[in-house]
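Novice: This is the structure I want to talk about, given as structure tokens.
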Amino acid sequence: MAIGSLAVLGQSAPASAIEESRMNRVIPAPVSVTPDRHGGAFELSRDTVISVDRGARGVGELLAGVLRPSTGYRLPVVTDRRQGAITLDLGYVPARLGTEGYELTVNRGGVLVKARTSAGLFAGVQTLRQLLPAKVESRTKQRGPWTVAAGKIVDFPRFAYRGAMLDVARHFFTPDEVKRYLDQIALYKINYLHLHLADDQGWRIEIDGWPRLTEHGGSTEVGGGPGGFYTKAQFRDLVKYAAARNITIVPEIDMPGHTNAALASYAELNCDGVAPPLYTGIEVGFSSLCIDKEITYRFVQDVITELAELTPGPYLHLGGDEAHVTTDPDFIKFFDRVFPMIEATGKKVAGWHEFLKATPPVSGVAQFWGTTTTSELVADAAAAGNKILMSPANKAYLDMKYDESTPLGLSWAGFTEVDDAYDWNPGAYVENVPESAVLGVEAPLWSETLENSDHIEFMAFPRLPAIAELGWSPWSTHDWASFRTRLAAQGPRWEAMGVDFYRSPQIPW
Ligand code: ACM
455 MAIGSLAVLG QSAPASAIEE SRMNRVIPAP VSVTPDRHGG AFELSRDTVI
505 SVDRGARGVG ELLAGVLRPS TGYRLPVVTD RRQGAITLDL GYVPARLGTE
555 GYELTVNRGG VLVKARTSAG LFAGVQTLRQ LLPAKVESRT KQRGPWTVAA
605 GKIVDFPRFA YRGAMLDVAR HFFTPDEVKR YLDQIALYKI NYLHLHLADD
655 QGWRIEIDGW PRLTEHGGST EVGGGPGGFY TKAQFRDLVK YAAARNITIV
705 PEIDMPGHTN AALASYAELN CDGVAPPLYT GIEVGFSSLC IDKEITYRFV
755 QDVITELAEL TPGPYLHLGG DEAHVTTDPD FIKFFDRVFP MIEATGKKVA
805 GWHEFLKATP PVSGVAQFWG TTTTSELVAD AAAAGNKILM SPANKAYLDM
855 KYDESTPLGL SWAGFTEVDD AYDWNPGAYV ENVPESAVLG VEAPLWSETL
905 ENSDHIEFMA FPRLPAIAEL GWSPWSTHDW ASFRTRLAAQ GPRWEAMGVD
955 FYRSPQIPW
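Numbering-wise (this note's numbering), the sequence shown opens with residue 455 and increments by one.
See the structure below:
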């Protein structure tokens, strides 16, 4: 049936092949999708309301914010129950759905999303967006009909942690640019955004008592541009904006290497007492905090205390990668003093997997970023009870070029086309790291070559949804042929949203 005839038939229309196909195009693939061929189609109209339980008003308003501009409908968010509504219900769902799972039931009489928490409702709403026509994502008024096929989706995540990382140190991204990325990753049920807040080229977060970190250390970036930093108020606002989208911010201050911006800001942090110049190149592994100076630990203590205060989430990330000018004994000595500082805050420490050279507490999370599938350090940590976060650089690093013609990005871990990003199993990837030891996946986006939102989007889309699916969907749904078809259906959505994505030749756009 052509979509035009549905408009004539209105709410009593049977679900067409077009709507039903949208049920099978959701990314990440849901746990189960059951079309209801006798249930007709739900059609959003000028009279539709969004009916929410009190604890779900925020989720309802976010949904209305997506739907109002394109449909032109008022879509009031109400707290009483109505016939024909989109209902967001915080109620009983089976235990296996956990805190982020949801049930989504659609028939001609309405849409019901049920979940135990607002996080689950938010996830269900992201699915509902994908069941509507792509142009619903437009910021300007479009023609309907706005129909959703009848059926039921039951869904919950495979892994607790589905992350993205943005490097705001190599190039600074404004709070609005970060919010734009938060909006984009939320659609794919990403629930952590790791912000790489300091590196050799820049320090991007205010720390009281160490004002030169931002005044001087934040004053440039790769290529010599003006850099920037987040005030504490701006950072808190980002945390809040993310939380409304079920995303927890994980702040990272990399140490003891990747610290030139701090060392340039405070001469006394250097072993020789001489501040190096600011750095705007892209080499790595040349800087280190001074392991044998007491002021180093006063500095790190202040940073950890303030990051913990700024961060409601469970993780503080301390980097620990590429400390090439710190000897192993010094590296261990350093982290032996720093790990207890994190434990005293009640947070869990996260670090790039080399931080396992020291001995993080068993609550510590090791982020694997290697390019092989073996790591004794990581396997030993998993055996000791540490959780592992999977970010293999040749699969999950969104800053790797797609192929030799990609104008942005780097290629030290190889070219990464969409099928490379999709075709690996995080639960069975690193030798002797069983699924039970895997916390989840994270897709890092390093910004040596990236300067603005267009650049972020070109590298993240379409690979970010591939990593998101690996984190959310049951392995039984993993199927490249299905994924590439479903990914193609996202293209018109990204066009409607103004997302500048890479039109990979692997995908039938
Ligand atoms: C890293 O890519 N240096 C973690």
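Cβ atoms here follow ideal geometry from the backbone N, Cα and C, with glycine treated the same way. None of the values given here were measured: they were computed from a predicted structure.
With a threshold of 16 other CB atoms inside 10 Å of the CB of P880, please say whether the residue is buried or exposed.
Specialist: In the sequence shown, the residue the question calls residue 880 occupies position 426. It counts as buried.
Novice: Whose C-beta lies closer than 8 angstroms to the C-beta of R699 among residues of the same chain, with five residues either side of it excluded?
Specialist: In the sequence shown, counting from the first residue as 1, residue 699 sits at position 245. Around R699: L516, F576, L636, D637 and A640.
Novice: Against chain D, with Cβ distances strictly below 8 angstroms, would V590 count as a contact?
Specialist: Looking at the structure shown, chain D is missing, and only one protein chain is on hand.
Novice: Under 6 angstroms Cβ to Cβ from A847, same chain only, skipping five residues before and after it: list those, please.
Specialist: Within the sequence shown, numbered from 1, the residue matching residue 847 stands at position 393. The residues are W823, T825 and A867.
Novice: Please work out which residues of its chain come closer than 7 angstroms, Cβ to Cβ, to D873, disregarding the five sequence neighbours upstream and downstream, and give them in chain order.
Specialist: What you label residue 873 is simply residue 419 of the sequence shown in a count that begins at 1. Only W934 and Q960 meet the Cβ criterion.
Novice: Start and end of the alpha helix (DSSP H) containing G818?
Specialist: Within the sequence shown, numbered from 1, the residue matching residue 818 stands at position 364. Careful: G818 lies outside any alpha helix (DSSP H) and carries neither H nor E.
Novice: At the level of alpha carbons, what is the spacing between G774 and R550?
Specialist: By one-based count along the sequence shown, residue 774 stands at place 320. By one-based count along the sequence shown, residue 550 stands at place 96. Using only the alpha carbons, I get a separation of about 36 angstroms.
Novice: Going by beta-carbon coordinates alone, are L843 and L810 separated by less than 8 angstroms?
Specialist: To locate residue 843, count along the sequence shown from 1; it is residue 389. To locate residue 810, count along the sequence shown from 1; it is residue 356. No, the Cβ-Cβ distance between L843 and L810 is not below 8 angstroms.
Novice: Could you check what DSSP says for S907 in three-state terms: helix, strand or coil?
Specialist: Taking the first residue of the sequence shown as position 1, residue 907 is located at position 453. Correct three-state label for S907: helix.
Novice: If contact is defined by three or more beta carbon pairs under 8 angstroms, each pair taking one atom from either stretch, is the region 920-931 in contact with the region 600-613?
Specialist: The region 600-613 is in contact with the region 920-931.
Novice: With three or more beta-carbon pairs closer than 8 angstroms as the criterion, would you say the region 943-952 touches the region 847-864?
Specialist: These segments do not touch.
Novice: Could you have a look at L558 and say whether DSSP puts it in helix, strand or coil?
Specialist: Within the sequence shown, the letter at position 104 stands for residue 558. Looking at L558 - three-state DSSP - the assignment turns out to be strand.
Novice: Hey, how far is the Cα of T781 from the Cα of L743?
Specialist: Here residue 781 corresponds to residue number 327 of the sequence shown, with the count starting at 1. Here residue 743 corresponds to residue number 289 of the sequence shown, with the count starting at 1. For T781 and L743, the distance between alpha carbons rounds to 12 angstroms.
Novice: Name the one or two DSSP bridge partners that W929 has.
Specialist: Numbered from 1 along the sequence shown, position 475 holds the residue referred to as residue 929. W929 pairs with nothing; no bridge assigned.
Novice: Mapping DSSP to helix, strand and coil, what is A441?
Specialist: Lying before the first or after the last residue shown, residue 441 is absent from the chain, which here runs from 455 to 963.
Novice: Contact check, Y851 vs P898 under 8 angstroms by CB: the rounded distance?
Specialist: Residue 851 sits at position 397 when you count from the first residue of the sequence shown. Residue 898 sits at position 444 when you count from the first residue of the sequence shown. The Cβ separation is near 6 angstroms, so the contact holds.
Novice: Got a sec: does the ligand ACM put a non-hydrogen atom nearer than 7 angstroms to the Cβ of W806?
Specialist: Locating residue 806 in the sequence shown gives position 352, where the first residue counts as 1. Yes, Cβ of W806 sits closer than 7 angstroms to a heavy atom of the ligand ACM.
Novice: Decide yes or no for the touch test of the region 757-770 against the region 729-742: beta carbon pairs closer than 8 angstroms, at least 3 of them.
Specialist: With a cut-off of 8 angstroms, the region 729-742 and the region 757-770 do not count as touching, because too few Cβ pairs lie within range.
Novice: For the ligand ACM, is there any heavy atom lying closer than 7 angstroms to the beta carbon of W823?
Specialist: As a first step, residue 823 is located in the sequence shown; it is residue number 369 there, counting from the start. W823: yes, Cβ under 7 angstroms from the ligand ACM.
Novice: Am I right that I796 and A812 are in contact with their C-beta atoms under 8 angstroms? What's the rounded C-beta distance?
Specialist: Taking the sequence shown and counting its residues from 1, one reaches residue 796 at position 342. Taking the sequence shown and counting its residues from 1, one reaches residue 812 at position 358. In fact, because the Cβ distance is near 12 angstroms, the residues do not count as touching under 8 angstroms.
Novice: Pair every Cβ in the region 691-710 with every Cβ in the region 648-661, then say whether three or more of these pairs are closer than 8 angstroms.
Specialist: Contact holds: three or more Cβ-Cβ distances are below 8 angstroms.
Novice: Please report the distance separating the alpha-carbon of A510 from that of F869.
Specialist: Indexing the sequence shown from 1 puts residue 510 at position 56. Indexing the sequence shown from 1 puts residue 869 at position 415. Computed Cα separation, rounded: 42 angstroms.
Novice: Is D654 near the ligand ACM, going by C-beta to nearest heavy atom under 7 angstroms?
Specialist: Taking the first residue of the sequence shown as position 1, residue 654 is located at position 200. No, Cβ of D654 sits at least 7 angstroms from all heavy atoms of the ligand ACM.
Novice: Go through its chain and collect everything with a Cβ distance to A920's Cβ below 8 angstroms, but skip five positions before and after it.
Specialist: Within the sequence shown, residue 920 is the residue found at index 466, counting from 1. Excluding residues within five positions, the ones whose Cβ falls inside 8 angstroms are V872, A875, Y876, F937 and L941.
Novice: Just checking E902 against the ligand ACM - is the residue's beta carbon closer than 7 angstroms to any of the ligand's heavy atoms?
Specialist: By one-based count along the sequence shown, residue 902 stands at place 448. Checking every heavy atom of the ligand ACM against the Cβ of E902, none is found closer than 7 angstroms.
Novice: Would you kindly check if the distance between the Cβ of V520 and the Cβ of E631 is under 8 angstroms?
Specialist: Position 177 of the sequence shown, counted from the start, is the residue given in the question as residue 631. Position 66 of the sequence shown, counted from the start, is the residue given in the question as residue 520. Their beta carbons are not under 8 angstroms apart, which means E631 does not touch V520 by this criterion.
Novice: Between which two residues does the beta strand (DSSP E) containing T685 stretch?
Specialist: The residue labelled residue 685 in the question sits at position 231 within the sequence shown. Where T685 is concerned, there is no enclosing beta strand (DSSP E), given that its DSSP letter is neither H nor E.
Novice: Could you tell me whether the region 657-673 touches the region 711-722, where touching means 3 or more Cβ pairs closer than 8 angstroms?
Specialist: Contact holds: three or more Cβ-Cβ distances are below 8 angstroms.
Novice: Output needed for F788: all residues of its chain with C-beta closer than 6 angstroms, excluding positions within five of it in sequence on either side, in chain order.
Specialist: By one-based count along the sequence shown, residue 788 stands at place 334. Only P710 and I745 meet the Cβ criterion.
Novice: Taking the straight line between their C-alpha atoms, what separation do you get for E776 and D653?
Specialist: Taking the sequence shown and counting its residues from 1, the one referred to as residue 776 is at position 322. Taking the sequence shown and counting its residues from 1, the one referred to as residue 653 is at position 199. Straight-line Cα distance between these residues: approximately 12 angstroms.
Novice: Please report the straight-line C-alpha distance between G526 and L904, rounded to a whole angstrom.
Specialist: What you label residue 526 is simply residue 72 of the sequence shown in a count that begins at 1. What you label residue 904 is simply residue 450 of the sequence shown in a count that begins at 1. Going by the C-alpha atoms only, they are around 35 angstroms apart.
Novice: Tell me the DSSP secondary structure of W878 in three-state form.
Specialist: Locating residue 878 in the sequence shown gives position 424, where the first residue counts as 1. Residue state, collapsed to three classes: coil.
Novice: What separation, rounded to the nearest whole angstrom, lies between the Cα atoms of D507 and A833?
Specialist: Counting from 1 along the sequence shown, the entry for residue 507 is found at position 53. Counting from 1 along the sequence shown, the entry for residue 833 is found at position 379. Approximately 45 angstroms between the Cα atoms of the pair.
Novice: Thinking C-alpha only, which one of V565, G493, L732 and V485 is nearest V676?
Specialist: Locating residue 676 in the sequence shown gives position 222, counting from the first residue. Minimum Cα distance to V676 is reached at L732.
Novice: Just checking my contact of R593 with W900 at CB under 8 angstroms: how many whole Å lie between their CB atoms?
Specialist: Along the sequence shown, read from residue 1 onward, the residue named residue 593 stands at position 139. Along the sequence shown, read from residue 1 onward, the residue named residue 900 stands at position 446. That pair is no contact at about 30 angstroms.
Novice: When burial is assigned at 16 or more other CB atoms within 10 Å of the CB, is Y546 buried or exposed?
Specialist: Looking up residue 546 in the sequence shown gives position 92. With fewer than 16 Cβ atoms within 10 Å of its Cβ, Y546 is classed as exposed.
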